[in-house]
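Trainee:
Residue numbers (this note's numbering): 1 to 356.
Spelled out as structure tokens, the structure:
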């Protein structure tokens with residue numbers, strides 16, 4: 001057993017809210033809450049913010065948007081809660097939604113509260129008390145990919161899932177939508193990367209691979225491991241970007257974060273999960289494994305890989321713009337402008353060697 005259950009930290013002043021109002025709201029909607037909760041904040045939170053509310057005999061998790069200007073379609077808490085509720089009967093790894101709030105007088109924004117899934121969340125490296133041999137790491141890595149495949153194989157014909165996304169034409173909408181977000185997020189001195197945008201527009205596949213439930217942020221720091229059996233995944237978190245769409249777009253977005261052992265030092269600095277540990281599959285091995293397990297062709301994956309990196313570049317630049325405008329003071333965002341430029345260079349490297 002590992003003692004490395006994910007722990008919340010001290011609440012950042014800029015992310016605080018009126019706990020008395022939240023407490024009163026929750027006690028109207030959730031039974032058997034006793035006392036006044038303590039509030040702590042989970043690490044991460046570059047996009048939506050996540051808090052641990054600890055009552056006398058129960059722990060809850062609250063999710064809310066960051067303060068400041070927000071991208072047009074991001075940070076929709078009620079949509080995220082709806083997706084999770086709709087998907088829960090079909091995909092056991094989704095946490096249960098306990099309450100949603102559309103009354104902005106409580107904390108100034110919409111929010112939702114879900115059950116806490118206690119477990120290990122892997123971040124940059126394995127915890128000191130969870131040092132796995134390479135064979136176990138490989139087992140965990142293939143289980144990680146299998147959970148993504150399992151999500152992509154969920155039957156989307158049920159009415160509750162039909163409501164979460166449009167499906168057909170997903171690739172074209174994504175290329176156009178993220179290009180627009182990129183232009184909106186530009187700050188002074190940013191490389192506009194028009195060559196990357198043009199390549200994506202020209203090389204996008206003529207049709208989608210399939211119409212599946214996709215997560216759009218599938219990383220090890222968004223999955224929960226059983227502390228008793230750490231090779232077993234018990235939960236998947238952060239569903240804000242989930243929709244119905246092309247599964248290879250989801251895989252490409254996931255691999256944008258996959259820093260493997262032989263990547264250059266600059267990319268190693270971006271690592272948010274132990275994807276470079278001995279035993280982890282390489283990006284190419286993951287792509288091939290995924291293709292073998294799903295039966296979908298992965299022969300021309302360059303487009304999906306470039307799109308995943310471009311999408312990550314936009315997300316980084318959006319956060320950096322908030323920092324430049326003073327809408328967040330979190331010092332970790334100060335270098336995000338350089339990070340966005342580096343992602344652009346990785347896009348160009350793949351484009352230069354691509355045969356598409």
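Glycine included, C-beta positions come from ideal geometry on N, C-alpha and C.
Between the Cα of residue 307 and the Cα atoms of 232, 201, 275, which residue gives the shortest distance?
Mentor: 201
Trainee: Got a sec? Which residues, its chain only, sit under 6 angstroms from residue 252 by beta carbon, not counting five neighbours each side?
Mentor: Same-chain partners within the cutoff: 304, 305, 307, 308.
Trainee: Based on Cα-Cα distance, which residue from 235, 254, 327 lies nearest to residue 96?
Mentor: 235
Trainee: Report the three-state DSSP secondary structure of residue 94 (helix, strand or coil).
Mentor: coil
Trainee: So for residue 227, helix, strand or coil by DSSP?
Mentor: coil
Trainee: Under DSSP, the alpha helix (DSSP H) around residue 168 begins and ends at which residues?
Mentor: Segment: none, residue 168 is in no alpha helix (DSSP H) and carries neither H nor E.
Trainee: Any idea what DSSP makes of residue 63, helix, strand or coil?
Mentor: The DSSP-derived three-state label of residue 63 is strand.
Trainee: So does the segment 130 to 138 actually touch the segment 49 to 62, counting three or more Cβ pairs closer than 8 angstroms?
Mentor: no
Trainee: For the alpha helix (DSSP H) that residue 283 lies in, which residues bound it at each end?
Mentor: 283 to 294
Trainee: Among the candidates 245, 128, 41, 213, whose CA atom is the shortest distance from the CA of residue 153?
Mentor: 213
Trainee: Please report the Cβ distance between residue 254 and residue 148, rounded to the nearest whole angstrom; I am assuming they are in contact, meaning their Cβ atoms lie under 8 angstroms.
Mentor: 7 angstroms
Trainee: Ends of the beta strand (DSSP E) at residue 40?
Mentor: 38 to 41
Trainee: Please identify the residue among 319, 99, 88 whose C-alpha is closest to the C-alpha of residue 237.
Mentor: 88
Trainee: Which of the three DSSP states, helix, strand or coil, is assigned to residue 24?
Mentor: helix
Trainee: Give the secondary structure of residue 249 by DSSP, where H, G and I count as helix, E and B as strand, and everything else as coil.
Mentor: helix
Trainee: Assign residue 315 to one of three DSSP states: helix, strand, or coil.
Mentor: Note: residue 315 maps to helix in three-state DSSP.
Trainee: Taking residue 117 as the reference, which of 205, 52, 210 has the closest Cα?
Mentor: Comparing Cα-Cα distances from residue 117 to each of 205, 52, 210, the minimum goes to 52.
Trainee: With a cut-off of 8 angstroms on the beta carbons, I'd call residue 191 and residue 215 a contact; round off their distance for me.
Mentor: Not confirmed; about 29 angstroms, so no contact.
Trainee: Below 6 angstroms CB to CB, which residues in the same chain sit around residue 287 once its five sequence neighbours on both sides are set aside?
Mentor: 298, 301
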